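A quick write-up on the structure given underneath.
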Amino acid sequence: MHWWFPADASSIGGKVDALFYAILYITGAVFVLTEATLLIFIVKYRHRQGRKAAYVEGSKKAEIIWTAIPAVILVTLALVSLPVWAKIKYYSHFPRDASPLAIEAKQYQWNVTYPGPDGKISSGNDSDDDDFMKVDSLYLVVNQNYVVDLTSRDVVHSFFVPAFRIKQDLVPGMDIKLWMRPTKTGRFEIACAELCGLGHYRMRGLVFVQTPREHAEWLVGQGEASAADSVTAGLKPAPAAAAAPAARGATSRGKGAS
Amino acid sequence: MTARAEAVRAAGGEGTAPAAHAASGPPGGVGIYTQKLGMWVFLASEVMFFTALIGSYIILRWGAGNPWPDTRAVLNIPTTAVNTFILICSSVSMVKAYAAAVRDDQKHLKRWLLTTVVGGAIFVGVQVREYIKLVHHGFLPSSGLFGATFYTMTGFHGFHVTCGVISMAWVTIRAFRGKYKGGNYHGIETIGLYWHFVDLVWIILFTIVYLV
Amino acid sequence: MTASATAAPRGGAPHAGHDDRSFIRKYIASTDHKIIGIQFLFVSLFFLLVGGLLAMGIRWQLGFPGQPMPLGGWLPSGVAPGGVVAPKMYISLVTMHGTFMIFFAVMPLLVGVFANYLIPLKIGAPDMAFPRLNMWSFWVFVLSGLVMLSSLFVLGGPAAAGWTAYAPLSATPDYTGVHLGQQLWCVSIVLFGLSSLLGSVNYITTVVNMRAPGMTWFRLPLSVWALFITAILAILAVPVLAGAVIMLLFDQTIGTHFYLPAAGGQPMMWQHLFWFFGHPEVYILILPAFGIVSDVIANGSRKPIFGYASMVYAMISIAFLGFIVWGHHMFISGMNPTLASYFMVSTIVIAVPSAVKVFNWLATMWRGDLHFTTPMLCAIAFVSMFIIGGLSGIFMASTPVDMYIHGTYFIVAHIHYVLFGGSLFAVFAGIYFWFPKMFGKQLDERWGKVHFALTFIFYNLTFFPMHILGVAGEMRRIYDPTAYAYLRPLQPINVFITINAFLLFLSQFVFAGNVVRTLWKGRKAPLNPWRDNGLEWTTPSPPPHGNFATIPTVYHGPYEYSVPGAAEDYTPVNQPPAAVPEPAR
Amino acid sequence: MERAMTAAPAGPEAAEHKAPNYVAVWAALAVLTMVELAVVYMGLPRHVMILALVFLALWKAMLVALYFMHLRFEPKRLLYVVLAPLPLALILVIAVMHGFRK
Numbered sequence: 001m002h003w004w005f006p007a008d009a010s011s012i013g014g015k016v017d018a019l020f021y022a023i024l025y026i027t028g029a030v031f032v033l034t035e036a037t038l039l040i041f042i043v044k045y046r047h048r049q050g051r052k053a054a055y056v057e058g059s060k061k062a063e064i065i066w067t068a069i070p071a072v073i074l075v076t077l078a079l080v081s082l083p084v085w086a087k088i089k090y091y092s093h094f095p096r097d098a099s100p101l102a103i104e105a106k107q108y109q110w111n112v113t114y115p116g117p118d119g120k121i122s123s124g125n126d127s128d129d130d131d132f133m134k135v136d137s138l139y140l141v142v143n144q145n146y147v148v149d150l151t152s153r154d155v156v157h158s159f160f161v162p163a164f165r166i167k168q169d170l171v172p173g174m175d176i177k178l179w180m181r182p183t184k185t186g187r188f189e190i191a192c193a194e195l196c197g198l199g200h201y202r203m204r205g206l207v208f209v210q211t212p213r214e215h216a217e218w219l220v221g222q223g224e225a226s227a228a229d230s231v232t233a234g235l236k237p238a239p240a241a242a243a244a245p246a247a248r249g250a251t252s253r254g255k256g257a258s
Numbered sequence: 001m002t003a004r005a006e007a008v009r010a011a012g013g014e015g016t017a018p019a020a021h022a023a024s025g026p027p028g029g030v031g032i033y034t035q036k037l038g039m040w041v042f043l044a045s046e047v048m049f050f051t052a053l054i055g056s057y058i059i060l061r062w063g064a065g066n067p068w069p070d071t072r073a074v075l076n077i078p079t080t081a082v083n084t085f086i087l088i089c090s091s092v093s094m095v096k097a098y099a100a101a102v103r104d105d106q107k108h109l110k111r112w113l114l115t116t117v118v119g120g121a122i123f124v125g126v127q128v129r130e131y132i133k134l135v136h137h138g139f140l141p142s143s144g145l146f147g148a149t150f151y152t153m154t155g156f157h158g159f160h161v162t163c164g165v166i167s168m169a170w171v172t173i174r175a176f177r178g179k180y181k182g183g184n185y186h187g188i189e190t191i192g193l194y195w196h197f198v199d200l201v202w203i204i205l206f207t208i209v210y211l212v
Numbered sequence: 001m002t003a004s005a006t007a008a009p010r011g012g013a014p015h016a017g018h019d020d021r022s023f024i025r026k027y028i029a030s031t032d033h034k035i036i037g038i039q040f041l042f043v044s045l046f047f048l049l050v051g052g053l054l055a056m057g058i059r060w061q062l063g064f065p066g067q068p069m070p071l072g073g074w075l076p077s078g079v080a081p082g083g084v085v086a087p088k089m090y091i092s093l094v095t096m097h098g099t100f101m102i103f104f105a106v107m108p109l110l111v112g113v114f115a116n117y118l119i120p121l122k123i124g125a126p127d128m129a130f131p132r133l134n135m136w137s138f139w140v141f142v143l144s145g146l147v148m149l150s151s152l153f154v155l156g157g158p159a160a161a162g163w164t165a166y167a168p169l170s171a172t173p174d175y176t177g178v179h180l181g182q183q184l185w186c187v188s189i190v191l192f193g194l195s196s197l198l199g200s201v202n203y204i205t206t207v208v209n210m211r212a213p214g215m216t217w218f219r220l221p222l223s224v225w226a227l228f229i230t231a232i233l234a235i236l237a238v239p240v241l242a243g244a245v246i247m248l249l250f251d252q253t254i255g256t257h258f259y260l261p262a263a264g265g266q267p268m269m270w271q272h273l274f275w276f277f278g279h280p281e282v283y284i285l286i287l288p289a290f291g292i293v294s295d296v297i298a299n300g301s302r303k304p305i306f307g308y309a310s311m312v313y314a315m316i317s318i319a320f321l322g323f324i325v326w327g328h329h330m331f332i333s334g335m336n337p338t339l340a341s342y343f344m345v346s347t348i349v350i351a352v353p354s355a356v357k358v359f360n361w362l363a364t365m366w367r368g369d370l371h372f373t374t375p376m377l378c379a380i381a382f383v384s385m386f387i388i389g390g391l392s393g394i395f396m397a398s399t400p401v402d403m404y405i406h407g408t409y410f411i412v413a414h415i416h417y418v419l420f421g422g423s424l425f426a427v428f429a430g431i432y433f434w435f436p437k438m439f440g441k442q443l444d445e446r447w448g449k450v451h452f453a454l455t456f457i458f459y460n461l462t463f464f465p466m467h468i469l470g471v472a473g474e475m476r477r478i479y480d481p482t483a484y485a486y487l488r489p490l491q492p493i494n495v496f497i498t499i500n501a502f503l504l505f506l507s508q509f510v511f512a513g514n515v516v517r518t519l520w521k522g523r524k525a526p527l528n529p530w531r532d533n534g535l536e537w538t539t540p541s542p543p544p545h546g547n548f549a550t551i552p553t554v555y556h557g558p559y560e561y562s563v564p565g566a567a568e569d570y571t572p573v574n575q576p577p578a579a580v581p582e583p584a585r
Numbered sequence: 001m002e003r004a005m006t007a008a009p010a011g012p013e014a015a016e017h018k019a020p021n022y023v024a025v026w027a028a029l030a031v032l033t034m035v036e037l038a039v040v041y042m043g044l045p046r047h048v049m050i051l052a053l054v055f056l057a058l059w060k061a062m063l064v065a066l067y068f069m070h071l072r073f074e075p076k077r078l079l080y081v082v083l084a085p086l087p088l089a090l091i092l093v094i095a096v097m098h099g100f101r102k
């Protein structure tokens, strides 16, 4: 039985979890202190015959103390959160060596566009478009940075990979970028985390995080391998690259091919 | 100013004398009689309502950087400028009516109220005529963002003016029945505030929708 | 203008004894703030029941996905084939549960009931400033509620875009298949906004202008302060929602493109406008609860509220900050992350005044003489549940953590801790406390305690496990969580929650029974059953039309309990001080 | 009721300030409207024109609020009620404008 965080599988997961636990410990301590105080007061100051309440209107000192302490703790928390947030979401902090990917969401599926052998996602009108598309499945190489272009064709969706601790809305009419680096191989689920219609609950995709070799083999299988990929996959470079265009017809390709 | 503040404090400030309070009429906490205060609070919320509409227009046009048609090619600026002037005039006649009510000048009160109603009605009429023409030229709420924002903002303003004209007409009838005699100007001042507010909104709308 | 002029009986005395209004003027089209408050009470309790029933549908599906509901066979097969909740019905259930609970149950229960009933009585006024406007506020509310109810029965079903109605899902029927239902939702919300506006103008004007002599700002009971600040929030926030919803309605009906990206519209604009209203709304839903609980805790502890002034300042700063934190609902919405950082900081700051309030309540109980009456128990439960709800809010304030828990059951747990554990416990505290005032009869304390205990237990068993679901990554508004492999192991928790939710729902019938029984054959309540200081207890229960035989004069603050040297442990605010000749001015 | 309300405060409140010269304000509004039109048809650079127009519109709005709605002659406290929503309106619009990621 697994009733807590899914196992962390991305480069930022550890940071997010650490912040979560920091807040959990702080709030947990406050929770125990305040609720215990409440319980003690309930027992200790319950009405008994002849008891009279003390006439206390307040205490400046006490109030300043319990305004200042939470303020300090909370502001510290904000200061600790800021750099993590900046690292995850600010475009200026995105890794430079990332591979591009594009995900277009529509009711109720994820269309993942992969760059072809040229390593670039072409803009729609590119004539030598060698991109290819997969529905609901995202194949990634472990420890490789990715920058994903997120768009939506119809309503607001939210790209959520619990194991990566990543969530980002996809808004129609907007082009939002997201970066991630998977750190564990395996199969993880993609969920939609924003109500997108009655099929919202089945807008499920899968992430396959592979070793470079597995990934290259997969690319070759798709007929989309570049020369370098073929080397990684253990095939001879020249024949694989030559064979690629012929095999490509098998995969749907480019944006909007569904 | 200070003398007045003194008077207010004496009459209705904190710790009012029981006798002064009992009628609930005299100025209370902030020295403003109840209807006027209520109207101002209502106007504060109207500011937020128009903020939503005008703000959306600003956001859609400048924030999101949408392409915008040349407003001067679509809308008839000279007509609307004249119409703006009519609305301003009706605001002036409104304050004149208010001044007449304060000094209990029934003749002028009735005359200026009537002028105000007529001015407001002309404004609404011209707006309706403008709408009909625009629709004939194929400019509809569904014609892009400009159509949508234009009709929503001016439409809701027009709705406010229409409500204003109806209540002004009613106030005028009451004035002819002599309900505002003897320096009883509160009703006139309160409806006047609403009327000027609608005028004020139009001043903003005219500038940012028609001229910019 | 004339609205105010007609009804307010001057000084109250003329009507106090003999009330010759017709039945309709007295109980239906009444302009008496007390009747309006009671009307709000019963209507919004009805909507609370509706919202609760919808929640049972949600919980059934989550606990036992795909199994026929008990009595589900009665529903038309288009909605629930074979009594099983269909995906579309599920989304509608979620949407309408949120809508009914927030707009038609909790908000009118807190504001409609208590602002109407308490403000004039507590400040010593004969009625509201604009009694007829007040009546319209109620009837427009009823109308908006009926429109919302009717949307449940129209072709295509009710709104199905969540209570937040995110565009473009809500902006065109293409995406949900809901035509009329979504439009009725918009119409109803606009009407609701109008009702809330009329009410708020009244509350503000009344508090400002109609306080009894000697009732200075800093002698106002905290409940009145809270309701006053709430009304200001409503005045400034609700019109923005109305404007946004009107544009949404135009998108649906007359072909505009405010929120539809096809012609340059901005879905994000809806989110901003909605949450610009939505966050102050959160405080509209909790500030009156703060006020009620402060009154009840001071009374139950027989002690002055600790730090009265800082309680007021805390509420004022919460209200102001409440307007500049709305972006924390949108951290992952694609909003500029730099802006999100600003919103994180403002959000974190707003937690401080809330913390101050909790500490002040605890300090009020410190060295008190605690009487565990039912209202006091509910108020203590409020404090203890609000601690949890407040602390879980801190997780969301931290942007990176929010990225993970946003849109999960952690959020669901949080809002229920604040809105149910918080607001609703305060509502119960308020109802138990002022029931004797409203009806002249006191709710049975024994059954009240049974109701409290059952609610408290099942409430926690229902909502606390939702935190765990959230941490495990279960999304909200998911028709069938078992569609995801990583959520399948959590199903026992969902079953557990569902069972407790049913028990929580059933427990409320103890309350309903208590109310009915008391109204039917309850004993007459003493004049001041809680030995409270408030002005409302200085008139008969229920108070006559016009409230006070003579307008009272107030001599001191509202929380003068256990004053040293006094014979009684309470000092009504209109009791002249023995030694001091003049009231402080 | 009505009579009770009106009799008392009429004197001090209304007679307190001298009625402003409404005709002068009206003339100023008329002139400002004409200036606005002139600005539009003068062919100024676009942002200068927008700035000038916004300035003129605010000026006119101020005149209406101060004299026709006689805010100038009201207690300061009422001014706060009136001004309260304006910063919120500004915050809303500015924040949303910055919310778009460029």
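Chains as they are written, first to last, in this note's numbering: chain A, 1 to 258; chain B, 1 to 212; chain C, 1 to 585; chain D, 1 to 102. Beta carbons are placed, not taken as given, at the ideal position from N, Cα and C, and that holds for glycine. Note that the structure is a prediction, hence the values are computed from the model and not measured.
Inter-residue distance for Ile188(B) and Gly278(C) is about 36 Å (C-alpha atoms, whole angstroms). By the rule that beta-carbons nearer than 9 Å mark a contact, Val95(B) does not touch chain C. Any Cβ of chain C closer than 9 Å to the Cβ of Leu90(D) would place that residue at the interface, and such an atom is absent. By the neighbour-count criterion, in which 16 or more other beta carbons inside 10 Å mark a residue as buried, Val238(C) falls on the buried side. For the set Val240(C), Thr95(C) and Pro481(C), the Cα lying nearest the Cα of Ala159(C) is the one of Thr95(C). For the stretch 31 to 47 of chain D, the set of positions with a beta-carbon nearer than 7 Å to some beta-carbon of chain B reads Thr33, Glu36, Leu37 and Val40 in chain order. Per DSSP, the unbroken alpha helix (DSSP H) holding Ala29(A) starts and ends at Gly13 to Lys44. DSSP lists Glu104(A) and Val135(A) as the bridge partner or partners of Asn111(A).
Listed by position along chain C, the residues whose Cβ is nearer than 7 Å to that of Pro75(D) form an empty set, because the closest Cβ is around 12 Å away. No Cβ of chain B is located within less than 9 Å of the beta carbon of Pro87(D). Less than 9 Å divides the Cβ of Ala379(C) from the Cβ of Phe425(C).
In chain B, no part has a C-beta under 7 Å from the C-beta of Asn134(C); the shortest such distance is about 11 Å.
One Cα belongs to Lys107(B), the other to Gly182(B), and the distance between them is close to 13 Å.
Every alpha helix (DSSP H) stretch that sits fully inside the stretch 368 to 435 of chain C and reaches 4 residues is listed by chain position as 374 to 397, 399 to 405 and 409 to 418. In the structure shown, Gln491(C) falls within a helical segment according to DSSP collapsed to helix, strand and coil. At a cut-off of 9 Å between beta-carbon atoms, Gly327(C) makes contact with chain D.
Counting C-beta pairs closer than 8 Å gives fewer than three between the stretch 342 to 356 of chain C and the stretch 404 to 424 of chain C, which falls short of the contact rule.
Between Val201(B) and Phe50(B), the C-beta gap is smaller than 9 Å, which places the two residues in contact. Here Val64(D) is actually not in contact with Asp70(B); their C-beta atoms are around 29 Å apart, not less than 8 Å.
A straight line joining the alpha-carbon of Trp26(D) with that of Met49(D) spans about 24 Å. For the 9 Å CB-CB criterion, Thr151(A) and Met174(A) form a contact. Residue-level contact by beta carbon fails for Leu155(C) and chain D, as no gap is shorter than 9 Å. Around the Cβ of Gly119(A), a 10 Å sphere holds fewer than 16 other Cβ atoms; the residue is exposed. Runs of the beta strand (DSSP E) spanning 3 or more residues and lying entirely within the stretch 243 to 273 of chain C do not occur at all. Looking at the DSSP output, Ser10(A) bridges to Pro182(A).
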